[in-house]
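Numbering (my numbering), first residue to last: 1 to 650.
For reference, the structure is listed below as structure tokens.
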């Protein structure tokens, strides 16, 4: 027995002192753990400071029914339940029964309120019993954050989010995703929690061991008003044409700042929502909007000029065994190069490019590469689509590649890449990088500012630029976009109608198209550029770019300038008109000279004559309008106050 006692004492000593740290650590791991408290993500604002995305703290309030002493529990139970009645809507008796049952069941994690806001949380923690805190009152507070978008579904995909699933996979679309890691995410805090059995944990204290640090705020280039205009204009057209999906982007010409971007996809029940960022990520054959680039290359390389005549025949022409057609029945015949773009002749552009570059296709491809259209622009938003510009040796290159590219097939661009080129045309040839972010701030402190980035200082000569701008203006005045023409509001741009999925066997029985319009407004002094792309509109209702996408462009342009008109700055309102100046000087001299005698007012405008004579105290009577022809009191005669004078006016 003595030896057994010695062994027990030795073992206790070994557990307590030799291996004590190890066992204490194991016990602590099983009963205490550090829980990460996510930091509030920074806010996302529009260009005018309106809130686009924010993190809102939400709280779950629980009650440890075993923590309060019996005396404390009984003392504060009814006052607590009376407060809960006013807060939760159920009777005080219901809460008394519930809390007594929780204490009887030794429930240390009883739920009182879920997912409440900060003001409600402050109100609850001041309730009787709960205001004694975690150790005396049994208060358990669990905080989480919820990301909210005040604009709802408008631009939700572009504003974006950052989500992490149970497997640790991260999804980061849009601005929120692109700048989440570096700026918006912040630094997480830490809090100790203790196991209370049955897999439940409660905070050890009602404060955090490490306080979370909120993320920085991001100020975007989006304008809420323009975004709202673009969203609803696109939505209205998609619903009418029952299209599969579509997008619209509005860019400020000089800076490249994106003022609005909307991407809407169709659900099974026919409604639309921000499904994918089509404008940034979807590469597709642009169709006729690329004809502008093709013709600019030919003009800049001196292949043709705008007056060169091209024969489009009767609307059908074969290129290397493949027939190209024009949409106009019977063709356009012989037309100028400028007119071929105005009427969007496939044959015209294919003929120009094939005749000019068939022997040296690399020259045409290199021109496209000089414009940086063969590579992504490297914008801040994740998921930018890759353009496809084939060249000799490429898997999709063939003899037909060049004439096909001339009218926007056998190649791919994203809507944003196409818009960036049209924006350069509007911006006097300067190609600027599309920009979604202006600056990052911490309260009033600037963390980082994003300035304008120039991709290409000059895409072409001023001569080519002037010619193309004139043609794009005429597209709306007398070309394929003439249905959009408004004599009181100028626009310039290019329609586009491209077949899609034409390689599928069912296309002939069920044709699908991509309708688009890219351009800028006003035509002479552009302020904004815009592109509208609509995929697979109902062919029963229409599919041409001028009918489907053009009206969206027009609605956006007119609405923007109805709500936010361009204001011309006038240097001075003091404009000198010599005849009026001389007339006034004569009147002033007469008024100063004649005080008590009748002046000569014949020849003066009647309003000047009245002012002059009434200032002398005369009662003036008129007969007619215009200039004074005759006065009843002769010039030089002495006059009296309130004396009547009759003026005969011609």
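Ideal placement from N, C-alpha and C gives every residue a C-beta, glycine not left out.
Here's the rule: buried if 16 or more other CB atoms are within 10 angstroms of the residue's CB, otherwise exposed. What is residue 179?
Here residue 179 refers to the residue found at position 179 of the chain shown. Burial call: buried.
Pairing CB atoms from the region 488–496 with CB atoms from the region 457–477, are three or more of them under 8 Å?
A contact exists between the region 488–496 and the region 457–477.
If you follow the alpha helix (DSSP H) that residue 63 is part of, which residue opens it and which one closes it?
As a working note, residue 63 is residue 63 in the chain shown. From DSSP, residue 63 is part of no alpha helix (DSSP H) but of the beta strand (DSSP E) over 51–63.
Quick check on DSSP: helix, strand or coil for residue 580?
Locating residue 580 in the chain shown gives position 580, counting from the first residue. Because the pLDDT at residue 580 is just 47, under 50, the model does not fix this residue reliably, and the value given afterwards should be weighed accordingly. The answer is helix: DSSP assigns residue 580 an H, G or I state.
What is the C-beta distance between residue 387 and residue 412, in whole angstroms, given that I count them as a contact (C-beta under 8 Å)?
Counted from its first residue, the chain shown places residue 387 at position 387. Counted from its first residue, the chain shown places residue 412 at position 412. About 6 Å; that satisfies the 8 Å criterion.
The ligand ATP heavy atoms versus the CB of residue 331: any closer than 7 Å?
The ligand ATP is absent from the structure shown, which contains no ligands of any kind.
For residue 641, I'd like the list of residues in its chain whose CB is within less than 7 Å of its CB, leaving aside the five on either flank, ordered along the chain.
Translated into positions along the chain shown, residue 641 becomes position 641. Closer than 7 Å at Cβ, skipping near neighbours: 617.
Are the CB atoms of residue 402 and residue 354 within a distance shorter than 8 Å?
Counted from its first residue, the chain shown places residue 354 at position 354. Counted from its first residue, the chain shown places residue 402 at position 402. Yes, they are a contact pair.
Taking only the alpha-carbon atoms, compute the straight-line gap between residue 454 and residue 297 and give it to the nearest angstrom.
In the chain shown, counting from the first residue as 1, residue 454 sits at position 454. In the chain shown, counting from the first residue as 1, residue 297 sits at position 297. The alpha-carbon atoms of residue 454 and residue 297 are separated by roughly 20 Å.
Applying the 10 Å Cβ sphere with the 16-neighbour rule, what's the burial state of residue 572?
Working through the chain shown from its first residue, we reach residue 572 at position 572. Low confidence applies here, because residue 572 scores a pLDDT of 48, under 50, leaving its location unreliable and the question unanswered by this model.
Report the option in 325, 304, 61 and 227 whose CA atom is closest to the CA atom of residue 557.
What you label residue 557 is simply residue 557 of the chain shown in a count that begins at 1. Considering only alpha carbons, the answer is 227.
Taking Cβ positions, are residue 449 and residue 384 nearer each other than 8 Å?
Within the chain shown, residue 449 is the residue found at index 449, counting from 1. Within the chain shown, residue 384 is the residue found at index 384, counting from 1. No, Cβ-Cβ distance for residue 449 and residue 384 is not below 8 Å.
Look at residue 555 and residue 294 and say whether their C-beta atoms are less than 8 Å apart.
Here residue 555 corresponds to residue number 555 of the chain shown, with the count starting at 1. Here residue 294 corresponds to residue number 294 of the chain shown, with the count starting at 1. Cβ atoms of residue 555 and residue 294: not closer than 8 Å.
Report the three-state DSSP secondary structure of residue 249 (helix, strand or coil).
What you label residue 249 is simply residue 249 of the chain shown in a count that begins at 1. Here residue 249 sits in strand by DSSP.
My assumption, with CB atoms under 8 Å, is that residue 344 sits in contact with residue 399. Please give the rounded CB distance.
Numbered from its first residue, the chain shown carries residue 344 at position 344. Numbered from its first residue, the chain shown carries residue 399 at position 399. Contact doesn't hold; Cβ gap of about 23 Å is too wide.
Can at least three beta-carbon pairs, one atom from the region 69–87 and one from the region 122–129, be found at a separation below 8 Å?
Flag = yes, the region 69–87 and the region 122–129 touch.
Straight-line CA distance for residue 260 to residue 55?
As a working mapping, residue 260 is identified with position 260 in the chain shown. As a working mapping, residue 55 is identified with position 55 in the chain shown. Going from the Cα of residue 260 to the Cα of residue 55 covers about 23 Å.
So, under 8 Å CB-CB, residue 348 and residue 335 are touching, yes? Tell me the CB distance rounded to an integer number of Å.
Position 348 of the chain shown holds residue 348. Position 335 of the chain shown holds residue 335. That belief holds up - the Cβ atoms of residue 348 and residue 335 are roughly 7 Å apart, short of 8 Å.
Work out the CA separation of residue 21 and residue 7 for me, nearest whole Å.
Your numbering for residue 7 matches position 7 in the chain shown. Your numbering for residue 21 matches position 21 in the chain shown. Whole-angstrom Cα-Cα distance: 21 Å.
Would you mind reading off the limits of the alpha helix (DSSP H) that contains residue 227?
On the chain shown, position 227 is the one that residue 227 refers to. Its alpha helix (DSSP H) spans residues 224–241.
Is residue 284 closer than 8 Å to residue 552 when the C-beta atoms are compared?
Taking the first residue of the chain shown as position 1, residue 552 is located at position 552. Taking the first residue of the chain shown as position 1, residue 284 is located at position 284. Contact: no.
With distances taken from CA atoms, which of 421, 609, 274 and 363 is nearest residue 256?
Your numbering for residue 256 matches position 256 in the chain shown. If we check each option's Cα against that of residue 256, 421 comes out closest.
Please report the distance separating the alpha-carbon of residue 525 from that of residue 313.
Your numbering for residue 525 matches position 525 in the chain shown. Your numbering for residue 313 matches position 313 in the chain shown. Roughly 37 Å between the two C-alpha positions.
Determine, using beta carbons only, whether residue 4 comes closer than 8 Å to chain B.
The chain labelled as chain B is not found in the depicted structure, where only one protein chain is given.
Can you give me the start and stop residues for the alpha helix (DSSP H) that residue 351 sits inside?
Stepping through the chain shown from its first residue, residue 351 is reached at position 351. Counting along the chain, the alpha helix (DSSP H) containing residue 351 begins and ends at 346–357.
Note down the Cα distance separating residue 10 from residue 4, rounded to an integer number of angstroms.
For the purposes of this step, residue 10 is identified with residue 10 of the chain shown, where counting begins at 1. For the purposes of this step, residue 4 is identified with residue 4 of the chain shown, where counting begins at 1. Answer to the nearest angstrom: the Cα atoms are 10 Å apart.
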